Structure formats: structure tokens, C-alpha cells
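J.:
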Amino acid sequence: MNAHRLASGKKLYIRGLRCIVPTAERSLEAYCVEAGQPWEDGPPKWLFAHAGMSSPWPPMGPGPSASSLSAIRIPVFDKHPVEYVCEEGSRHFGSDRKFDLICYCHETVQRPLTTVPGMMLAGAFGQRQVLPLTLGQLGSLACLRALHWSRRMLEQGEGTEGLLCIADRTDYPFSRTSWTGSVKGDAAVLCTVSAEAGDYEVVGCSLQPHFPEGSMHAWTTADYERTMLTLARQAEQALREMEAAGNAPDRLVIQNVSDSFVTSVGEAGERCGIPGYVRQTRRAINFLGSDPFLTLEEAVSGGRLREGESVLLLFASADYGIGLLTLRGAGG
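Those letters in the sequence shown? Residues 1054 to 1385, per the working numbering, in order.
1. Quick one: Cα of residue 1367 to Cα of residue 1313, how far?
2. Assign residue 1099 to one of two classes, buried (16 or more other C-beta atoms within 10 Å of its C-beta) or exposed (fewer than that).
3. Which same chain residues, not among the five before or five after residue 1231, have their C-beta less than 6 Å away from its C-beta?
4. Just the Cα atoms here: how many angstroms apart are residue 1226 and residue 1188?
5. DSSP beta-bridge partners for residue 1236?
6. How long is the line joining the alpha carbons of residue 1213 and residue 1336, rounded to whole angstroms?
7. Once DSSP output is grouped into helix, strand and coil, what is the label at residue 1241?
8. Take the Cβ of residue 1294 as the centre, count every other Cβ of all protein chains shown within 10 Å, and call the residue buried at 16 or more, exposed below.
9. Please list the terminal residues of the continuous beta strand (DSSP E) segment that includes residue 1368.
10. Provide the residue(s) that pair with residue 1382 in DSSP beta bridges, ordered along the chain.
11. Does the Cβ of residue 1264 have 16 or more other Cβ atoms within 10 Å, making it buried, or fewer, making it exposed?
12. Beta-carbon within less than 6 Å of residue 1407's beta-carbon, same chain only, minus the 5 sequence neighbours each way: which residues are those?
13. Which term fits residue 1354, buried or exposed, when burial requires 16 or more other beta carbons within 10 angstroms of its beta carbon?
14. Thinking residue 1364 and residue 1303 are a contact (beta carbons under 8 Å), I'd like their distance in whole angstroms, please.
15. Whole angstroms are fine: how far does the CA of residue 1131 sit from the CA of residue 1208?
16. Can you look up residue 1111 in the DSSP assignment and give me helix, strand or coil?
17. Can residue 1211 and residue 1292 be called in contact, C-beta distance under 8 Å?
18. Answer with buried or exposed for residue 1245, where buried requires no fewer than 16 other C-beta atoms within 10 angstroms of its C-beta.
19. On the three-state DSSP scale, how would you describe residue 1213?
20. Tell me, to the nearest whole angstrom, how far the beta carbon of residue 1241 is from that of residue 1220; I am working on the premise that it is less than 8 Å.
21. Starting from residue 1183, trace the alpha helix (DSSP H) in both directions and tell me its first and last residue.
22. Within its chain, find whatever has a CB closer than 8 Å to the CB of residue 1172; leave out the 5 residues flanking it on each side and keep chain order.
23. Grouping DSSP H, G and I as helix and E and B as strand, with all else coil, what is residue 1314?
24. Thinking just about the alpha-carbon of each residue, which of 1072, 1307, 1103, 1298 is nearest to the one in residue 1194?
25. Around the C-beta of residue 1072, are 16 or more other C-beta atoms found within 10 angstroms, so that it is buried, or is it exposed?
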């Protein structure tokens, strides 16, 4: 991957990274009991009806055994993710902080559907002068597109600092399980992006799409596992190209999409001389677009990534492909 550079030799930085995991929890066993029950007449049900679906989706695969269900605790937002983000943002940045850009990234569908979450976020910070971007329909890869757009806007003189948010809450009847994938948990990430100094320099950022044929609504577990194997091979090819180009990162962080995916890509990284770091907390959970940042936070706090070293965050979504974000600890 080539490094993204801003005008006049400027670079793109991430500063003040904050990861938000709700303290409220729910058991997967409770979710399984609820599955198949009638749900309220509202936007999610209308979306399902429009798609010709009448049961929770995606279906649960053979993943966790029944005996282990009670041991899995799922962090859940009990109110709109924007509310958590605004509370943390006010504490961290100050309620009167002004931004030139605001990008809100999400994978999940939030209620009410008629209120764009990016506008909710801008309103909470009193940012009436900013037209916020809300990025979805890109799975867990949305933040990479947001970084690309932020870079372009900053390089074209649209300001010097932006607010980037990634937030997801999985609402029933959308399932917290995907075939043999990891259980989906709620989380959010908040940070600023800047053309000036920051905690991490954005060295590289790219999307490598993979669009499976046919409708995912008809997928079986075999279809899912076949697709994830394809994405793992795609990731290995990207790692080999980075190694050959002499820009391999010092550390690899892989989104916890599934145990098999993390293991496969981790082994590929080892073959390329790129040691991986696997999150030790919440190992059964996939926090969607926030997941690699949560692992990065743990790696940094544990001394596994030092100033000046680079780390590749690898994102993956079965229906969109993989995303690669290389950061270097800037210490600025």
C-alpha cells in the first residue's frame, strides 16, 4: 500500500482514540430464547417485510455449543449509540469543541431510521456549521472510506481537524450471530483526524472489495465459510505484497470475525514475518467496525506496540471484502 499524503507534504493523523464498550450485558442464551418470537411493528420489521423475510437473520450456525451459551456475555447499548458517543465526547473533547468535519460510520440499522445519526452527533456538539457525513452500507469497512474522504477534504482546504465516530448496536430481529462467525457485540470508537500531529500517523488505507454472488439471505453455513476462506486468502495476498514491497508492518491486528478467520490470517502473517496480536478480553465477541481499534487499544496498553512502530488493522465483512489500515505510533 502506498502512504496517503496530504497537500504540501502534510500527513493524516488520528488523535485521542477512545473506545466505548457498554457495561450492560446480555447472555447469548437469552437472545436464542427470543429468536423466532414476534417483534414490534416498526422500521426493522418493515425492512424485513420489504426483503421478504419473516425470521431473524442471519441464522445461527453451529458456532457455540449449548453448554457454553450462558458463559458468553454480550455488551449491549441500552440506548442509541449516539448518546454514548456524545457523553464520552463531551468528557474527552469538551462540549464546546468545534470541528471542521464530522464522519459517523455504522454497520447496523438504528432507530429511528428517519434521523441520520451523523446529524444527531453534530447537533449534540452544536456543530451547526458542519454538514456531517454518515457512512454505511459498507459493513465493517466504513471507517476506511471515512478516512479517505477526510483526507481529501482536509487536503482541499476544508479545515484542519475532523471528528470520526464508529458506532454499532445490533437490534432484534437482526441477529447477533452469523453462521459460524463470532457473536456481535455493541461498541463505539471516537477520535479526531487531523492534518497536524497526532497519536497515530495514517500510513496506508485501502479497501479490497469482494462481492459474493447471489443473495446472502439464501446462504448456508458452507457459503459463509467458503466466503471467509476467500477473504483470508485475499488478506494473505495483501500481506505478501506488503512484505515484497518492503513496507510490512511491525504488528498485525485482525478483526475478530470468526476464530477460523483470525487463525488463518494470523498464520499468514507469521509466514510473512508479521506477528499478530489477538485480543485477550472479549475474545468471543466481534465488535464490528470498532473491533480492530479495541484490540489496538489493548495491545498499546499492554506494551505490545511502541512509539515509532507500525500496526496493520485488518477489517473484514463477508459481503464487502477486506480493509487495510496501517498506523504508525507518532507520539505527537
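Ideal Cβ placement from N, Cα and C applies to all residues, glycine included.
Source: prediction; values computed, not measured.
T.: Quick look at the numbers:
1. 15 Å
2. exposed
3. 1111
4. 22 Å
5. 1338
6. 37 Å
7. strand
8. exposed
9. 1363-1370
10. 1253
11. exposed
12. Nothing can be reported for residue 1407, as the shown portion of the chain is limited to 1054 through 1385.
13. exposed
14. 7 Å
15. 38 Å
16. coil
17. no
18. buried
19. coil
20. 4 Å
21. That residue, residue 1183, is in no alpha helix (DSSP H); it is neither H nor E in DSSP.
22. 1185, 1187
23. helix
24. 1307
25. buried
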